[in-house]
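2 protein chains.
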Amino acid sequence: MTIDYPSTGLQLRSLVTTEGILEISLQDVPVVEPQPTQVVVRVEASPINPSDLGLLFAGADMASASVSGTAESALLTAPIDANVLRGLSARLGASLPVGNEGAGVVIAAGASEAAQALLGKTVAVTGGSTYSQYRTLDVALVMALPDGTSPRAGASAFVNPLTALGMVATMRHEGHTAIVHTAAASNLGQMLVKLCGEEQVPLVNIVRRPEQVETLRQLGAQYVCDSSSPSFMSDLIDAVSATSASIGFDATGGGNLTSQILTAMEAAAAKNATEYSRYGSTSHKQVYIYGGLDRGPTVLTRNFGFAWGVGGWLLTAFLQSVGPDEVSALRQRVALGLETTFASTYTKEVSLAEALQPEAFSVYGRQASGEKYLITPHMT
Amino acid sequence: MTIDYPSTGLQLRSLVTTEGILEISLQDVPVVEPQPTQVVVRVEASPINPSDLGLLFAGADMASASVSGTAESALLTAPIDANVLRGLSARLGASLPVGNEGAGVVIAAGASEAAQALLGKTVAVTGGSTYSQYRTLDVALVMALPDGTSPRAGASAFVNPLTALGMVATMRHEGHTAIVHTAAASNLGQMLVKLCGEEQVPLVNIVRRPEQVETLRQLGAQYVCDSSSPSFMSDLIDAVSATSASIGFDATGGGNLTSQILTAMEAAAAKNATEYSRYGSTSHKQVYIYGGLDRGPTVLTRNFGFAWGVGGWLLTAFLQSVGPDEVSALRQRVALGLETTFASTYTKEVSLAEALQPEAFSVYGRQASGEKYLITPHMT
Chain C
63 MTIDYPSTGL
73 QLRSLVTTEG
83 ILEISLQDVP
93 VVEPQPTQVV
103 VRVEASPINP
113 SDLGLLFAGA
123 DMASASVSGT
133 AESALLTAPI
143 DANVLRGLSA
153 RLGASLPVGN
163 EGAGVVIAAG
173 ASEAAQALLG
183 KTVAVTGGST
193 YSQYRTLDVA
203 LVMALPDGTS
213 PRAGASAFVN
223 PLTALGMVAT
233 MRHEGHTAIV
243 HTAAASNLGQ
253 MLVKLCGEEQ
263 VPLVNIVRRP
273 EQVETLRQLG
283 AQYVCDSSSP
293 SFMSDLIDAV
303 SATSASIGFD
313 ATGGGNLTSQ
323 ILTAMEAAAA
333 KNATEYSRYG
343 STSHKQVYIY
353 GGLDRGPTVL
363 TRNFGFAWGV
373 GGWLLTAFLQ
383 SVGPDEVSAL
393 RQRVALGLET
403 TFASTYTKEV
413 SLAEALQPEA
423 FSVYGRQASG
433 EKYLITPHMT
Chain Y
63 MTIDYPSTGL
73 QLRSLVTTEG
83 ILEISLQDVP
93 VVEPQPTQVV
103 VRVEASPINP
113 SDLGLLFAGA
123 DMASASVSGT
133 AESALLTAPI
143 DANVLRGLSA
153 RLGASLPVGN
163 EGAGVVIAAG
173 ASEAAQALLG
183 KTVAVTGGST
193 YSQYRTLDVA
203 LVMALPDGTS
213 PRAGASAFVN
223 PLTALGMVAT
233 MRHEGHTAIV
243 HTAAASNLGQ
253 MLVKLCGEEQ
263 VPLVNIVRRP
273 EQVETLRQLG
283 AQYVCDSSSP
293 SFMSDLIDAV
303 SATSASIGFD
313 ATGGGNLTSQ
323 ILTAMEAAAA
333 KNATEYSRYG
343 STSHKQVYIY
353 GGLDRGPTVL
363 TRNFGFAWGV
373 GGWLLTAFLQ
383 SVGPDEVSAL
393 RQRVALGLET
403 TFASTYTKEV
413 SLAEALQPEA
423 FSVYGRQASG
433 EKYLITPHMT
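Chains as they are written, first to last, in this note's numbering: chain C, 63 to 442; chain Y, 63 to 442.
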């Protein structure tokens, strides 16, 4: 059985020219015939995650972006600063598909049993190029959704849920017992509140606006610190002391938030110290930077001794480190919790063409918590 | 056998008052009777290491220091900034002895066999309070020096040699094959050049002045980059590419040197990349900050992907991590190389009283490479 499908479909592409211009456009591309272990998915929904924006916007100055052409054949262009352009040499002139994940229906399958078993099923997919109407990909990149789950509900089944699970797993693997999380009102942050509640892992949530405190409290969050409050540092020290959190995950990256978290951890450790140590406490304090909401430099005021680490954290590297069996178990857990623990909410749904319009990218490009967009490639 | 020794001896003390004044003075303190596993060492030589200065100066403004009293009963005072004082609450009002290491002769010993075996021997000691004429301490903190080694030659047998060995061990343990080192013209840096030469570990040396390049080349250093040169970044990228160094040890701490090392490692990794990765290279890049020559903030310009780490590195934590047998083997290796691989040189020898005078502390307090002082507590 193969459902009829067209020979071509729309796909969003991002290109950086050698002159330093970002060009985002829709291309009509062939739907690739499936190999034996592949399936063809009609993509119904794909989220715009912060982790998609680097590839999509290439660090261009989106405030200076302009859109030409008709709605169906729009061309978005934006200038790229020379400093940013220097880091993009490997992608110059290449028209790149975008989109880390999505969900849809399998409309054709290769000859293998694994592929055939997915035919007609609603599935979540990962592996890139999901801002497309059709996506041909290996069954390893496909997860069948429980019966009755819609593509919209399954669109964000990989990036955020596996990141939340990865944070808890990293915490355990490195011997910590509680977590500090920033940008905690995000979809990911809300998942982490629910997940840590289930796992009984104490969680210190850092949000950027007072109204976000209430959002998280309603989900059951016990510790919420608002970085815009004048009492932020003492609130943070109190929460870190109460939870003994010694690992943090920072989506911000730039500025001094990572440093403040380490300072709070050191202050909490010093409260329990019995004697003065000129080198600071001996308990290891770790913050991982997993995003770049603030693209400025990370500024570390080293008043937290020598037992500390800061580093990058990347979902793909985490998944590789735990191996395929564990990844498979984590995926299974996500599939069962897609409408509860791992549920996502979206501000707005846009077609592929609408995603290129200023009223859309000026909002989702801001990466503000609670302004998440969903692309629905077959809506017009 | 016990050699006659006086009942008291001079000891240097550092005190921070609640009013925020640093007071450094000499006290006449009792020589402690040895317990069965202890020995009494007449300290003949003790280096002023950068790692001693935190405890000694307590971050005071030494440019505003003044000295009163006679040379033999001098009192050095200096103001401490309120921000710095806040981090010193655990030591307020406590008169603390200083000095991480030194060497001398065992003049009395407790009843145990291990202690008695050291009587009359020239030994190196660690464990603090070495800016003293006499030091009573456990045999575990004492290392007998090879026959004929003078206390001056053995004065720096712990901190720098074990740090150099610790860097190479950390490199191997974490799976790297070459090292980047900053402040490389220091006594420690010169040891590391010799050690890495023996161990065939490629080493990229970063120095701060052109004349230091020649100093290191004469020791056999192959890669020396001068951070004051306009071509520093391209020199560093070339050296990191040639050596495939992916771990660095930074004595500076503040400023952007740690960030520049990570940037160079990423640029070297990108040269070998076959395709564009939006998240940077997948090879892990690590820099450890083991000193604070620049006490300003560490500024990380995150243009090096997500596979990176920055952290504190402390000798005592390293020694604990490898365990007593390995520490014992490392010490043995140091003892045999004290006049070759692990030889130290000093700009000047000063008595305890002279160490408190402006013409001394204004020089050793600068922590400039090649201006290392040795305290000789029995010289007057």
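Positions of the beta carbon are idealized from the N, C-alpha and C atoms, including for glycine.
Rounded Cβ spacing between residue i and residue j (contact assumed at less than 8 Å)
{"i": "threonine 450 (chain Y)", "j": "glycine 228 (chain Y)", "result": "As displayed, chain Y neither begins before 63 nor continues past 442, which places residue 450 (chain Y) out of reach and without an answer."}
{"i": "leucine 250 (chain C)", "j": "alanine 226 (chain C)", "result": "6 Å"}
{"i": "valine 221 (chain Y)", "j": "leucine 203 (chain Y)", "result": "Rounded, the Cβ-Cβ distance is 13 Å, inconsistent with contact."}
{"i": "glycine 342 (chain C)", "j": "isoleucine 323 (chain C)", "result": "The Cβ separation is near 15 Å, so there is no contact."}
{"i": "alanine 127 (chain C)", "j": "alanine 136 (chain C)", "result": "In fact, because the Cβ distance is near 11 Å, the residues do not count as touching under 8 Å."}
{"i": "alanine 177 (chain Y)", "j": "valine 201 (chain Y)", "result": "5 Å"}
{"i": "phenylalanine 366 (chain C)", "j": "methionine 327 (chain C)", "result": "7 Å"}
Extent of the continuous alpha helix (DSSP H) run through residue i
{"i": "threonine 225 (chain Y)", "result": "221-235"}
{"i": "proline 177 (chain Y)", "result": "Checking the displayed sequence, the identity of residue 177 (chain Y) turns out to be alanine instead of proline. From DSSP, the alpha helix (DSSP H) with alanine 177 (chain Y) extends over 175-178."}
{"i": "glutamine 382 (chain C)", "result": "377-384"}
{"i": "phenylalanine 423 (chain C)", "result": "420-426"}
{"i": "valine 146 (chain Y)", "result": "144-148"}
{"i": "threonine 277 (chain Y)", "result": "272-280"}
{"i": "glutamate 416 (chain C)", "result": "414-417"}
{"i": "lysine 358 (chain Y)", "result": "Checking the sequence shown, residue 358 (chain Y) turns out to be glycine, not lysine. Careful: glycine 358 (chain Y) lies outside any alpha helix (DSSP H), inside the beta strand (DSSP E) at 356-362."}
{"i": "serine 113 (chain Y)", "result": "112-119"}
Collapsed DSSP secondary structure at residue i in the structure displayed
{"i": "lysine 333 (chain C)", "result": "helix"}
{"i": "glycine 259 (chain C)", "result": "helix"}
{"i": "aspartate 312 (chain C)", "result": "strand"}
{"i": "asparagine 267 (chain Y)", "result": "strand"}
{"i": "valine 389 (chain C)", "result": "helix"}
{"i": "arginine 214 (chain Y)", "result": "helix"}
{"i": "methionine 441 (chain C)", "result": "coil"}
{"i": "aspartate 297 (chain Y)", "result": "helix"}
{"i": "arginine 153 (chain Y)", "result": "helix"}
{"i": "serine 194 (chain C)", "result": "strand"}
{"i": "glycine 317 (chain C)", "result": "strand"}
{"i": "serine 130 (chain Y)", "result": "strand"}
Residue i, enclosing beta strand (DSSP E) - first and last residue
{"i": "leucine 72 (chain C)", "result": "70-78"}
{"i": "glycine 371 (chain Y)", "result": "370-374"}
{"i": "isoleucine 83 (chain Y)", "result": "83-92"}
{"i": "threonine 188 (chain C)", "result": "184-188"}
{"i": "glycine 164 (chain C)", "result": "163-171"}
{"i": "aspartate 123 (chain Y)", "result": "Counting along the chain, aspartate 123 (chain Y) falls outside any beta strand (DSSP E), and DSSP gives it neither H nor E."}
{"i": "arginine 104 (chain Y)", "result": "100-109"}
{"i": "proline 141 (chain C)", "result": "137-141"}
{"i": "tyrosine 285 (chain C)", "result": "285-288"}
{"i": "valine 349 (chain C)", "result": "347-351"}
{"i": "leucine 243 (chain C)", "result": "The sequence shown places histidine at residue 243 (chain C), rather than the leucine named in the question. Where histidine 243 (chain C) is concerned, the enclosing beta strand (DSSP E) stretches over 241-243."}
Interface flag, residue i vs chain Y, CB-CB below 8 Å
{"i": "tyrosine 341 (chain C)", "result": "yes"}
{"i": "threonine 363 (chain C)", "result": "yes"}
{"i": "glycine 354 (chain C)", "result": "yes"}
{"i": "valine 372 (chain C)", "result": "yes"}
{"i": "leucine 227 (chain C)", "result": "no"}
{"i": "histidine 189 (chain C)", "result": "Looking at the sequence itself, residue 189 (chain C) is glycine, so the reference to histidine does not match. For glycine 189 (chain C), the answer is no, since every Cβ of chain Y falls outside 8 Å of its Cβ."}
{"i": "glycine 432 (chain C)", "result": "no"}
Residue i at chain C interface by Cβ criterion, 8 Å
{"i": "phenylalanine 380 (chain Y)", "result": "no"}
{"i": "glycine 315 (chain Y)", "result": "yes"}
{"i": "proline 489 (chain Y)", "result": "An answer regarding residue 489 (chain Y) cannot be provided, because it is not within the stretch 63 to 442 covered by chain Y."}
{"i": "leucine 376 (chain Y)", "result": "yes"}
{"i": "threonine 344 (chain Y)", "result": "yes"}
{"i": "glycine 116 (chain Y)", "result": "yes"}
{"i": "glycine 149 (chain Y)", "result": "yes"}
Below-8 Å beta-carbon distance, residue i vs any chain D residue
{"i": "alanine 369 (chain C)", "result": "The chain labelled as chain D is not found among the protein chains of the depicted structure, namely C and Y."}
- Looking at C-beta atoms only, is the number of pairs between the region 137-149 of chain Y and the region 194-213 of chain Y that lie closer than 8 Å three or more? no
- Query: Should the region 94-110 of chain Y be called in touch with the region 124-144 of chain Y, which here means at least 3 C-beta pairs below 8 Å?
  - Reply: no
- Task: Determine contact between the region 208-223 of chain C and the region 273-287 of chain C, defined as no fewer than three beta-carbon pairs at a distance below 8 Å.
- Result: No, they do not touch.
- Message: If contact is defined by three or more beta carbon pairs under 8 Å, each pair taking one atom from either stretch, is the region 228-247 of chain Y in contact with the region 348-355 of chain Y?
- Response: Touching, yes.
- Between the region 310-328 of chain C and the region 339-350 of chain C, do three or more beta carbon pairs fall short of 8 Å? Counting C-beta pairs closer than 8 Å gives three or more between the region 310-328 of chain C and the region 339-350 of chain C, which meets the contact rule.
- Query: Is there contact between the region 398-406 of chain Y and the region 83-100 of chain Y, where contact requires at least three CB pairs shorter than 8 Å?
  - Reply: no
- Query: Does the pairing of the region 359-370 of chain C with the region 358-365 of chain Y give three or more beta-carbon distances under 8 Å?
  - Reply: Yes, they touch.
- Given 8 Å, three or more beta-carbon pairs between the region 254-268 of chain Y and the region 416-426 of chain Y: no
- Message: I'd like to know if the region 372-392 of chain Y and the region 328-335 of chain C are in contact, where contact means that at least 3 CB-CB pairs between them fall below 8 Å.
- Response: no
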